[in-house]
Amino acid sequence: MIDLLYFAWVRERIGLPREGVETDAATVADLVAELRAREERYALAFADLSALRVALDQELSEFDAPLAGVREVAFFPPMTGG
Amino acid sequence: MIDLLYFAWVRERIGLPREGVETDAATVADLVAELRAREERYALAFADLSALRVALDQELSEFDAPLAGVREVAFFPPMTGG
Amino acid sequence: MRIAVQPAAFDPSAEAGLFAAGVSGAGALVTFTGLVRDLSGRLSAMEIEHYPGMTERAIRAIAEEAAARWQLIDVLVIHRHGRLAPGEPIMMVATAAAHRAEAFAAAEFLMDYLKSRAPFWKKEVTADGAEWVAAKDEDEAALWRW
Amino acid sequence: MRIAVQPAAFDPSAEAGLFAAGVSGAGALVTFTGLVRDLSGRLSAMEIEHYPGMTERAIRAIAEEAAARWQLIDVLVIHRHGRLAPGEPIMMVATAAAHRAEAFAAAEFLMDYLKSRAPFWKKEVTADGAEWVAAKDEDEAALWRW
Numbered sequence: 093m094i095d096l097l098y099f100a101w102v103r104e105r106i107g108l109p110r111e112g113v114e115t116d117a118a119t120v121a122d123l124v125a126e127l128r129a130r131e132e133r134y135a136l137a138f139a140d141l142s143a144l145r146v147a148l149d150q151e152l153s154e155f156d157a158p159l160a161g162v163r164e165v166a167f168f169p170p171m172t173g174g
Numbered sequence: 093m094i095d096l097l098y099f100a101w102v103r104e105r106i107g108l109p110r111e112g113v114e115t116d117a118a119t120v121a122d123l124v125a126e127l128r129a130r131e132e133r134y135a136l137a138f139a140d141l142s143a144l145r146v147a148l149d150q151e152l153s154e155f156d157a158p159l160a161g162v163r164e165v166a167f168f169p170p171m172t173g174g
Numbered sequence: 004m005r006i007a008v009q010p011a012a013f014d015p016s017a018e019a020g021l022f023a024a025g026v027s028g029a030g031a032l033v034t035f036t037g038l039v040r041d042l043s044g045r046l047s048a049m050e051i052e053h054y055p056g057m058t059e060r061a062i063r064a065i066a067e068e069a070a071a072r073w074q075l076i077d078v079l080v081i082h083r084h085g086r087l088a089p090g091e092p093i094m095m096v097a098t099a100a101a102h103r104a105e106a107f108a109a110a111e112f113l114m115d116y117l118k119s120r121a122p123f124w125k126k127e128v129t130a131d132g133a134e135w136v137a138a139k140d141e142d143e144a145a146l147w148r149w
Numbered sequence: 004m005r006i007a008v009q010p011a012a013f014d015p016s017a018e019a020g021l022f023a024a025g026v027s028g029a030g031a032l033v034t035f036t037g038l039v040r041d042l043s044g045r046l047s048a049m050e051i052e053h054y055p056g057m058t059e060r061a062i063r064a065i066a067e068e069a070a071a072r073w074q075l076i077d078v079l080v081i082h083r084h085g086r087l088a089p090g091e092p093i094m095m096v097a098t099a100a101a102h103r104a105e106a107f108a109a110a111e112f113l114m115d116y117l118k119s120r121a122p123f124w125k126k127e128v129t130a131d132g133a134e135w136v137a138a139k140d141e142d143e144a145a146l147w148r149w
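See the structure below:
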């Protein structure tokens with residue numbers, strides 16, 4: 093079981109901040125493909141990966157990164173702090 | 093009559109902060125030549141012009157600048173503010 | 004090194020005073036304060052979302068990178084989240100070093116990385132609704148100079 | 004724009020607070036504070052000589068040049084002269100702008116020019132005597148980037 097976290101407009105489009113999923117996805121991109129296939133709101137949130145960032149266990153990562161051993165995956169738009 | 097001002101080690105070598113001079117010097121360099129010829133302490137203070145800066149009427153200037161109309165000439169080492 | 008991620012308002016000048024008082028041997032102190040700007044004249048609030056846990060980690064990693072690159076005597080980062088009013092301080096950084104070049108470079112580095120690599124997202128709230136602030140290409144480009 | 008050349012001690016964080024309170028519409032505030040460093044462990048005082056009249060003119064010209072180069076909402080420069088103790092603030096600059104890049108650039112520009120173009124001379128006083136601080140080549144070189 094992996095925890096999925098969503099922030100900013102990703103959270104708003106999907107309609108929840110966090111959920112647990114059971115998945116055999118090998119990479120983040122595989123997980124995104126599973127999520128897109130679920131429902132329209134996921135397809136919409138993940139329509140353009142270039143507008144998204146991903147963190148694995150609270151470290152910024154890439155969409156082709158492996159998911160083995162990962163407990164927490166967060167999806168969000170580019171950050172706008174400072 | 094021109095007011096001469098000396099700062100930092102220029103002031104210390106010459107032994108006074110300010111004096112008035114009557115001069116027909118055309119440029120700062122001519123004035124420096126006159127001062128050097130006066131006394132050892134002036135010769136010492138003006139030995140190396142590359143170690144000195146000059147301001148004419150409170151604006152940084154050059155040693156080849158003309159003195160016509162100038163009322164105040166200040167000699168000092170490179171500045172160390174900030 | 005102090006890193007604070009908090010909903011509470013803070014007083015940047017008071018924090019700068021505390022920071023300065025805790026530093027010894029510095030020749031140069033630099034502070035940066037970021038404030039909520041009301042560009043449209045209609046901003047009612049700025050809402051800042053963050054990723055608890057990752058935020059502190061990311062800021063600490065950025066501050067440690069700064070400390071590894073420059074000889075810093077101390078570093079302070081404060082960043083708010085939650086709902087802020089126009090004009091309120093959003094965040095500040097402070098750096099203390101022997102020389103001005105290091106203090107300035109470290110403060111600018113911290114700001115550039117906090118902008119694009121710390122997990123905060125800003126939303127502008129006006130009477131007409133709310134809109135997420137888009138990341139600027141120039142902010143991403145600013146990272147390339149380091 | 005406030006420029007103060009004074010023998011009196013000042014509190015940089017209190018001045019930063021006043022500066023911030025007087026600014027409206029800024030997104031970015033930068034402050035720099037320079038402090039007397041005791042490099043040898045034997046410094047009893049730093050004496051700062053200046054050229055009354057020219058000092059204010061030179062600083063104003065530098066600040067006006069900064070205001071012409073960058074969109075600044077406000078600028079503050081405070082510089083002490085006379086006898087200072089180790090650890091005391093020598094001077095500060097503060098800049099307020101819409102964006103961080105302008106506030107940082109203007110503050111660094113002000114510092115680089117104040118170092119080498121404002122008529123101040125520092126003398127370090129120790130138990131063994133007093134010595135004028137030599138200008139550094141790197142401070143002159145710093146002007147070339149602007």
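Protein chains in written order, with this note's numbering: chain A, 93 to 174; chain B, 93 to 174; chain C, 4 to 149; chain D, 4 to 149.
Just so you know, even glycine gets a beta-carbon here, dropped at the ideal spot from N, CA and C.
- When secondary structure is reduced to three states using DSSP, W135(C) falls in the strand class.
- S43(C) has a beta carbon lying at 7 Å or more from every beta carbon in chain A.
- Contact with chain C is found for G174(A), since one of that chain's Cβ atoms lies less than 7 Å from the residue's Cβ.
- With contacts defined as CB atoms closer than 7 Å, A12(C) and T34(C) fail to qualify as a contacting pair.
- Segment contact: the region 95-103 of chain D against the region 64-76 of chain D, three or more CB-CB distances shorter than 8 Å; contact assigned.
- Collapsing the DSSP output to three states places W124(C) in a strand.
- In the structure shown, G25(D) adopts coil according to DSSP, grouped into three states.
- Note on geometry: alpha-carbon atoms of E59(D) and G173(B) lie some 13 Å from one another.
- A straight line joining the alpha-carbon of F168(A) with that of I81(D) spans about 44 Å.
- When C-beta distances to chain A are compared with 9 Å, the residues of the region 115-133 of chain C below that value are D115, Y116, L117, K118, S119, R120, A121, P122, F123, W124, K125, K126, in chain order.
- Put simply, the CB of E67(D) is far from chain C, with every gap to its CB atoms at 7 Å or more.
- Proximity of chain D to M171(B) at the Cβ level (cut-off 8 Å) is accounted for by K118, S119, R120, A121, P122, F123, W124, A138, in chain order.
- Here L148(A) carries a strand assignment [DSSP, helix/strand/coil].
- The beta carbon of Y54(D) sits closer than 6 Å to the beta carbons of P122 from its chain, once the five residues preceding and following it are set aside; these are given in chain order.
- When Cβ pairs closer than 8 Å are counted between the two stretches, the region 141-149 of chain B is seen not to touch the region 39-54 of chain C, the count staying below three.
- Selection L79(D), K126(D), E141(D) evaluated against A88(D) yields K126(D) as nearest (Cα-Cα).
- Residue nearest to W73(D) within the set H84(D), I62(D), F107(D), L21(D) is F107(D) (criterion: CA-CA distance).
- Minimum Cα-Cα distance from A23(C) among the listed residues M4(C), G132(C), I51(C), G85(C) corresponds to M4(C).
- The Cβ of A117(A) sits no closer than 7 Å to any Cβ of chain C.
- For S153(A), the secondary structure class from DSSP, reduced to helix, strand or coil, is strand.
- DSSP places T36(C) in the uninterrupted beta strand (DSSP E) bounded by 31-38.
- Residue state for G161(A) is assigned as coil, using DSSP reduced to three classes.
- Neighbours of L144(B) in chain D, taken as residues whose beta carbon is under 8 Å from its own, are absent, since the nearest beta carbon is some 11 Å off.
- Per DSSP, the beta bridge partners of Q9(D) are R83(D).
- The C-beta distance from E143(C) to S119(C) rounds to 6 Å, short enough to meet the 8 Å contact threshold.
- In the displayed model, G20(C) falls within a helix according to three-state DSSP.
- If you look at A99(D), you'll find it in the beta strand (DSSP E) that goes 92-100.
- Annotation for D156(A): T119, V120, A121 place their beta carbon closer than 8 Å to its own, counting only its chain and skipping 5 residues before and after.
- For F155(A), none of the residues of chain C pass the 7 Å Cβ criterion, the least Cβ distance being about 17 Å.
- Rounded to the nearest angstrom, the Cβ distance from G112(B) to D95(B) is 6 Å, consistent with a contact under 8 Å.
- At a cut-off of 7 Å between beta carbons, R83(D) makes no contact with chain B.
- The shortest CA-to-CA distance from T129(D) to any of A31(D), L42(D), H84(D) is the one to L42(D).
- Put simply, of H102(C), D131(C), V8(C), K139(C) the residue whose alpha carbon is nearest the alpha carbon of D115(C) is K139(C).
- Contacts with chain D at 7 Å (Cβ-Cβ) include A100(B).
- For F107(C), a Cβ of chain D is located within less than 7 Å of the residue's own Cβ.
- Taking a C-beta distance under 7 Å as the contact criterion, S16(C) and S16(D) qualify as a contact pair.
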